[in-house]
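Each residue of the sequence shown is one higher than the one before, counting from 0 in numbering that gives the first Met the number 0.
Worksheet: the structure to be examined is printed underneath.
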Amino acid sequence: MHFIMLFIVVLNLQAQLPEKLKASFPGQTTFYHNISYANDTLKRHQLDIFLPPNAGLNTPLIVWIHGGAWNMGTRFNDMSYMGNTIKGLLESGYALATIEYRYSTEAIFPAPLQDCNQAIEYLYQHAAQYKLDKNRIGLIGFSAGGHLASLLALSNNNAVPSFYPNNAKPHFKIKCVLDYYGPSDLVTLGSNPDTIVNNSRNSISTLLGGMPLQRPDIARRASPTTYVDKNDPPFFIVQGEKDESVPYTQSQMLAAWLTVNGVANQLTIVPGAPHYGVMFDAADIRKNLFAFLAAHL
Numbered sequence: 000m001h002f003i004m005l006f007i008v009v010l011n012l013q014a015q016l017p018e019k020l021k022a023s024f025p026g027q028t029t030f031y032h033n034i035s036y037a038n039d040t041l042k043r044h045q046l047d048i049f050l051p052p053n054a055g056l057n058t059p060l061i062v063w064i065h066g067g068a069w070n071m072g073t074r075f076n077d078m079s080y081m082g083n084t085i086k087g088l089l090e091s092g093y094a095l096a097t098i099e100y101r102y103s104t105e106a107i108f109p110a111p112l113q114d115c116n117q118a119i120e121y122l123y124q125h126a127a128q129y130k131l132d133k134n135r136i137g138l139i140g141f142s143a144g145g146h147l148a149s150l151l152a153l154s155n156n157n158a159v160p161s162f163y164p165n166n167a168k169p170h171f172k173i174k175c176v177l178d179y180y181g182p183s184d185l186v187t188l189g190s191n192p193d194t195i196v197n198n199s200r201n202s203i204s205t206l207l208g209g210m211p212l213q214r215p216d217i218a219r220r221a222s223p224t225t226y227v228d229k230n231d232p233p234f235f236i237v238q239g240e241k242d243e244s245v246p247y248t249q250s251q252m253l254a255a256w257l258t259v260n261g262v263a264n265q266l267t268i269v270p271g272a273p274h275y276g277v278m279f280d281a282a283d284i285r286k287n288l289f290a291f292l293a294a295h296l
């Protein structure tokens, strides 16, 4: 039942065009659509940029990485229930860039991560063209996108060649991460029979090219917690207490690793909340989010 509901939501989001999302954006927002970041014709190698009203020449940027079990959805995923957050970010002077990446059914790990790195490198290299501050880049990710955002930021200072196209480490640095219910340890997640990871288990296996229990080396390599060290950026972590897809212990684990290594982090477990929905757009979460961004981006 949970899988069917998730699939319906994703289909609805796939049918949603950028024009229909504009109600979530302040007036005079500047839109740049369907930008190819990989110099090819793949639709999953595209991104959109949203500049706040009256943007200056050096606008801080938040890159939006969508969810969808690594194998479905579009760059507009999660926006339908985060309208107040989107509006607040732009009204606070932040630019948004929402990116797509290849599905795990098209190319297994680390391909989706390579795409995210390539998209952000494109934004870094073209920052002046879009009035972006290339030295103030943050990430926001949801579910699978939260995993990719966390993994990208935490591995950035580890220089893992295979995480980048042509093994070329990018030039950008990540200032902070906003992680909404992203898996952090695929080894433990893949071995937990008590969660809906029976749906996600297939997704994780598709991402990794094998079951986590059979290939713990790959699962560990694809886990954000593997790369935590004292040089990592601050994290704002949010997850639902009743998450039926990813146990909230995944967020607790990531927060614990960050704390042990002296990395600033803020963890919120939302009472009674499931895997996604409007409860994550609540006023109290937004207030804490904007305070976090003011301090770290």
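The C-beta atom is built at its ideal place from N, Cα and C for all residues, glycine as well.
This structure is a prediction, so every number in the text was calculated from the model and none was measured.
Exposure of residue i, with buried meaning 16 or more beta-carbon neighbours within 10 Å
i, result
"LYS174", "buried"
"SER160", "Here the sequence assigns Pro to residue 160, which means Ser is not the residue at that position. It is exposed - the Cβ of PRO160 has fewer than 16 other Cβ atoms within 10 Å."
"SER244", "buried"
"ASP228", "exposed"
"LEU212", "exposed"
"ASN259", "This sequence places Val at residue 259; Asn is not what is there. With fewer than 16 other Cβ atoms within 10 Å, it is exposed."
"TYR121", "buried"
"THR73", "buried"
"THR104", "exposed"
"TYR247", "buried"
"ALA294", "exposed"
"TYR275", "buried"
"PHE291", "buried"
"ASN197", "Note that ASN197 has pLDDT 43, beneath the 50 cutoff, so the model's placement of it is unreliable and no number is given."
"LEU41", "exposed"
"PRO109", "buried"
"TYR36", "buried"
"ASN33", "exposed"
"PRO182", "buried"
"ASN38", "exposed"
Endpoints, the alpha helix (DSSP H) within which residue i is located
i, result
"ASP216", "215-220"
"PHE289", "282-295"
"VAL186", "185-189"
Whole-angstrom distance between residue j and residue i, CA atom to CA atom
i, j, result
"GLN128", "GLY82", "27 Å"
"THR29", "GLU18", "12 Å"
"LEU89", "PRO52", "7 Å"
"GLY271", "SER250", "16 Å"
"LYS133", "THR224", "26 Å"
"SER199", "GLY67", "Confidence at SER199 is low in this model, with a pLDDT of 48, below 50, so its placement is unreliable and no value can be given for it."
"LEU56", "LYS130", "4 Å"
"TYR80", "VAL277", "5 Å"
"GLY208", "ALA143", "16 Å"
"ASP114", "VAL269", "31 Å"
"TYR102", "ASN166", "20 Å"
"LYS168", "LYS21", "35 Å"
"ALA106", "ILE217", "15 Å"
"LEU112", "MET252", "21 Å"
"PRO273", "LEU188", "17 Å"
"HIS125", "ILE119", "10 Å"
"VAL329", "THR97", "Residue 329 lies beyond the stretch modelled for the chain, which goes from 0 to 296, so this question has no answer here."
"SER204", "PHE24", "37 Å"
"PHE289", "GLN117", "27 Å"
"ARG285", "LEU257", "22 Å"
"MET210", "TYR31", "39 Å"
Bounding residues of the beta strand (DSSP E) (the contiguous stretch that carries residue i)
i, result
"VAL176", "175-179"
Contact check, residue i vs residue j, beta carbons under 8 Å
i, j, result
"THR84", "ASP242", "no"
"ASP47", "HIS65", "no"
"HIS146", "GLU99", "no"
"ILE139", "LEU60", "no"
"LEU266", "ALA254", "yes"
"SER154", "PHE141", "no"
"ILE236", "ASP178", "yes"
"VAL176", "ALA148", "yes"
"VAL262", "PRO215", "no"
"ASN70", "SER222", "no"
"ALA94", "LEU50", "yes"
"TYR226", "PHE171", "no"
"GLY87", "TYR180", "no"
"THR58", "GLY26", "no"
"ASN156", "ASN230", "yes"
"ARG219", "VAL186", "yes"
Interface flag, residue i vs chain D, CB-CB below 8 Å
i, result
"ASN166", "Structure shown: chain D not included; a single protein chain is present."
### Message
Just to confirm the assignment: which complete alpha helix (DSSP H) runs, minimum length 4, are found wholly within the stretch 88-165?
### Response
110-124, 143-154
### Query
If you scan the stretch 200-266 from start to end, which runs of the alpha helix (DSSP H) of 4 or more residues do you find wholly inside it?
215-220, 248-259
### Query
For the stretch 29-70, which segments carrying the beta strand (DSSP E) assignment without a break, of at least 3 residues, lie completely within its bounds, in sequence order?
29-35, 45-50, 58-64
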